[in-house]
Structures are given as structure tokens and as C-alpha cells.
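Residue 62 is where the sequence shown starts when you use the working numbering, and the numbers rise one by one after that.
Ideal Cβ positions, reconstructed from N, Cα and C, are used throughout, including at glycine.
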Amino acid sequence: MKKYSIVLMSLLVFTLIVSACSSGNGGNKGTGNKGGANTPPTETTSEPPAEEDITQKKVKISIYYPTPDLVEARALEDDKIRRFNEVYPNVEIVKSDWQYNPNEIGIKMAANEAPTLFNTYATEGKFLAEKGWAADITELFSSYEFEDQMNPVLQDLFTIDGKKYGIAQRGYPTGVVVNKKLLENKNVELPPFNWTWEQMLQTAQAVSEPNAGISGIAPMGKGNEAGWNWTNFLFTAGGDIQQVNDGKVTAIFNSEAGIKALEFYHKLKWEANAIPQDWALGWGDAVGAFAQGRTAMVIAGPDGPVDQALNQGGMSIEDILVYPIPAYEQGGKHYGVLGGDFLVINPNATQDEQKIAFYYATFDYFSDNGLESLERNIQERVNDNKFFVPAVLNYYKADSEYGLKETELFNKYDNVYQYGQETLELIDGKPESQYNTQDFYGSMTNVIQEVFSSKNVNLQDQMNVVERFVQEKFYDTIEP
């Protein structure tokens, strides 16, 4: 039963009780008063109700649970559930196998089937808030003792009009993961970390061996991922997706920067012959090709490809380097699309369920118990010859007391992947646009597929068409 139905029924029952009491007692007249008609009513003093003890109430929540392929992540989550129930034995936790999908969330909400606590990504903050599909958790955060130590680079992505709608977990500026060993085997010199588009093109072309099924780089070519990959080059060329003035959203990606980014993709395919022959790759396809040694470079949030290459592809830590997105020209910015993982609380949940979901989401945050659990997981990976790959950005400020403790922990183990300091100093995140970002990515994917499939494609014509489509289909429907 939906929450608003329960509230209405409760109000109805309360009204009937009040009416019955009023009729029976006649407003303290006559025999309804046991002390007699001349006995004054007993004086009562009202005291504020005691705050409810949430640990004494039976509460059931459903949570996001990692997919079956993420064995280590599931082990960490299972350990967290066990420890949470030691503190809150009154809470029943149900593991949800639903993974967030922007095309499914509306259906899930309408059917009241969305988990109490579900995962989402960085583009979705404003979308979920405006649709009413994310609970306003500003009040829960206001009483959270570590609120001021949350990483603002991430947390601000889910702060809309001063209200908080999500809980940051981990994040990244998109980068380029490079198979160092593959380059060395082909006697290709490693580019500098402060590299440019041209140096990426030259490196990709030099290492590419189409007849052997080896590509220099595997830009994603299907799904919204294709538009997402390409947007990094739009940003580094100085462009942007949209601008907002007085509530009106205007597409601005059909620009000199946008054309430059398309020209670069055209060169990768038709001049350098540096991308896979079967270029219609989604995230899993491109990252899988990297882990299998079939491409020298992949564009993504760095931790995903590094994890797969180490734990599924059999590479060693020394085989892999993480680079920032190359600058358009020397001295330019190394902007990567700023992405991340967030947890959102279902607004249809009761207040008790929302409170428990928040406690669960932040249970290990800034906690020595969380560090101990992490260390046990790293030690188990040592025994299993597996590696731990941290996120580039975490929910906490890197220079916080907790951040320094975690860095100290990572330095104790040689099976923890460490990002190079030069990369960390160069890599720069640029937030995604406020409105319809996934729709924009999907629309640009159609253009990218034209670029990869037709050598004589007219780039400006393609950009004109997609700009008009995005503006009319999505941006013009946004109410100021």
C-alpha cells in the first residue's frame, strides 16, 4: 500500500474516534464525567513526546546489491549487512538485484517497486529530484556529524537548489587507461602524461595492428556510452553541451569545438585506422577488449578498466597506466566528464525506512570499522591473487583525517593499484549538464556512428540535425 493511502486511512480512523468520543461524552456534560456534574475536570500537563527509538521498531528496507560479476564488492556488502544488523537487529535488509536504468525508473516508481536505497550515476541528480523520484534528505544530512567532511566535488552534484537528494559514494574524472606493456612490445614510445590530441592520435596509430585484431584505441560506439566518450573531447576543445538563461535551455554543442571533436574521431577511424574494425562497442565491450589486450587504450572512469584488466585479464600493476584526457593543444585543460556513483533514497518509503536507509548508506563512512572491513577485503584478495582498485575520487575529502588513514592503509599492500601523482595533478573533472544529459549522449551516438561508418560524412550537416533534434525534442519542453 502506498504511503499516502496509509496516511489518509489513519486520518479517517482518527476522525471517527474523535467523533465517537465527542458524542459519548457530550463535551464533559452530564454522566459522562465520572466525578459528577459539579466536579471540575482533572488538570493535565502536556509534555513533549519522547523521541522514538528507531532501534526498537521493526523496519524493512531493500538495498542496491552489486551484480554477480562483482564478487569482491558483494563480499564487502555482505560484511556490511552483517555488521549493520549487529547494531540494528530490528532491521530486515533485502538485497535488490535491480540496477538503475533511466528508462526503467519511472515504471519502478509508479509500480512502487524501486528499492528503498538504490544506486544511480552523476547525471541523474536534477532529473530524479524534479521527477520526485529522489527523497529530499537535507534534514537527515543536517544532523549528520560528518556532513562538512563530505567531498564537495561529488556531493554538490546531488545538491539541487540548496537541497540534498543523494549520497556520494565514489567518483572520477573520465580518463584514458593505457596498456603500457602492449606499447612496449610494439616499440611504441609512451606519450607524456601532459599529452595532446595529436599525441594520442600518433600513439594509437603506431600501436594499431588491424590484421591482428589490435586497435590503438577503442572509443565506445554504441549506447549512450558513445556520446559520453565523445563529450570529453568536446570539453577539452573548449565546448559545452548547453547553456541556461532565465530557465531556458539552449543547445550549444554545435560549435567550433564540437566540429573539432568530430573531426578528431574521423581521423582516428579514417586516417589512423586506429579503432576496432567492429567499432560498435558499449562500455563492457570496450573495457573487455582492453582487459583482453585487444586495444591499447580505452576511455572511461579509470577504476573500472583497471579492475577488469588486473582481476579478469591477468595483467600486472606494472602493465597499466592511467592518463588524463589529452588536451586539445599543449597547455590546454585535461577535462574529463565528471562521473560517479551515488545512492538515492526512495521518496515513497516511510520516514522510518528513509532514516534507516540513510544510516545504512553512511554506516561505514568515516568509520574505523569500515577501514577494518576494507583491510580484511584487501588481505583476502592477497590470498586469492586479486587486486584492489580504489576510486579516483571518494565520498570524503582527500585531505581529511579519514582520507589520510585510508591512504596509509593502501600503502601497506602491494596489491592495491595506485594512481600516478602526475596524472592526479593533471586530471580535471567537468560536471555534466543539468538537463537531459543521457538524452544528449544517445543523440550524439547516432552522429558518431555516422562518422565511423561513412568516410565522406558531412560533419556540419550531422551536427545541424542533432542540434535541432535535441533542442526541439528535449530542451524546448523544459518549463522555466
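Over the uninterrupted beta strand (DSSP E) stretch that includes residue i, give me the two end residues.
i, result
"D396", "The identity of residue 396 in the sequence shown is Tyr, whereas the question assumes Asp. Taken as a continuous stretch (DSSP letters only), the beta strand (DSSP E) holding Y396 covers 396 to 406."
"S123", "120 to 125"
"P366", "Looking at the DSSP string, P366 is not in any beta strand (DSSP E); the run it does join, the alpha helix (DSSP H), is 364 to 372."
"P176", "Here P176 belongs to no beta strand (DSSP E), and DSSP marks it neither H nor E."
Out of the options, which one is the CA nearest neighbour of residue i?
i, options, result
"Y233", "F471, G397, Y125", "G397"
"H327", "I142, V152, K516, T538", "K516"
"A273", "S434, L243, N372", "L243"
"D130", "D413, P492, D158", "D158"
"L28", "V527, P363, T184, S504", "The chain is shown only over 62 to 541; residue 28 falls outside these bounds and no answer can be derived."
"S203", "I228, A183, E185", "I228"
"P163", "Y149, T411, N240, N180", "N180"
"L295", "K187, M376, F219, H395", "H395"
"V268", "N248, D522, D222", "N248"
"M505", "E208, N438, N285, A370", "N285"
"F419", "T220, K283, N173, L404", "L404"
"A318", "K466, Q210, A388", "A388"
"T297", "I275, L323, V305", "L323"
"L399", "K121, T292, Y126", "T292"
"N507", "L520, N497, Y496", "L520"
"G223", "G186, E259, N255, L251", "G186"
"E483", "D140, T538, P253", "P253"
"W289", "S494, Y480, M261, F188", "S494"
"N430", "Q266, R144, W340", "R144"
"Y502", "Q303, V383, L465", "Q303"
"N472", "V450, K458, S461, V526", "V450"
From the DSSP output, which residues share a beta bridge with residue i?
i, result
"S316", "The partner list for S316 (beta bridge, DSSP) is empty, contrary to what the question assumes."
"V359", "V238"
"A388", "T257"
"G232", "G401, L454"
"S276", "T356"
"K224", "I221"
From the DSSP output, in three-state form, read off residue i for me.
i, result
"K447", "coil"
"Q304", "strand"
"V531", "helix"
"G299", "coil"
"D489", "strand"
"K192", "helix"
"K516", "coil"
"K156", "strand"
"I539", "coil"
"S434", "helix"
"V383", "strand"
"Y463", "helix"
"Y270", "The residue asked about is misnamed: residue 270 is Glu in this sequence, not Tyr. The answer is strand: DSSP assigns E270 an E or B state."
"V249", "coil"
"Y474", "coil"
"T181", "strand"
"T311", "strand"
"Y426", "coil"
"W289", "helix"
"Q440", "helix"
"Q210", "helix"
"S84", "The pLDDT assigned to S84 is 37, lower than 50, so where the model puts this residue is not dependable; a value taken from the coordinates is nonetheless given after this. Here S84 sits in helix by DSSP."
"K187", "helix"
"K330", "helix"
"K283", "coil"
"Y502", "helix"
"G167", "helix"
"D522", "helix"
"E113", "coil"
At a cut-off of 7 Å, is residue i close to the ligand MG when judged by its beta-carbon and the heavy atoms of the ligand?
i, result
"E533", "As presented, the structure is devoid of all ligands, the ligand MG included, so that no description of it is given."
Identify, in the order they occur along the chain, each residue of the same chain with its Cβ nearer than 8 Å to the Cβ of residue i, setting aside the five sequence neighbours on each side.
i, result
"V359", "V237, V238, I278, A279, A347, V348, A350, F351, P366"
"L454", "N212, V214, L215, R231, G232, Y233, P234, G401, G490"
"Q117", "N151"
"D500", "V531, K534, F535"
Looking only at its own chain, which residues have a Cβ that is under 7 Å from the Cβ of residue i, when we skip the five neighbours before and after it?
i, result
"Q391", "T257"
"Q440", "none"
"Y426", "F207, Y456"
For residue i, collect the residues of the same chain with a Cβ closer than 6 Å to its Cβ; drop the 5 residues on either side in sequence, then sort them by chain order.
i, result
"E147", "none"
"N315", "M524, E528"
"Y474", "I439"
In the DSSP assignment, find the alpha helix (DSSP H) that holds residue i and state where it starts and stops.
i, result
"L215", "213 to 216"
"Q415", "412 to 422"
"V348", "344 to 352"
"K141", "132 to 148"
"E200", "199 to 203"
Quick one: is residue i near chain D, going by C-beta distance under 8 Å?
i, result
"D307", "Of the protein chains in the structure, only one exists, and it is not chain D."
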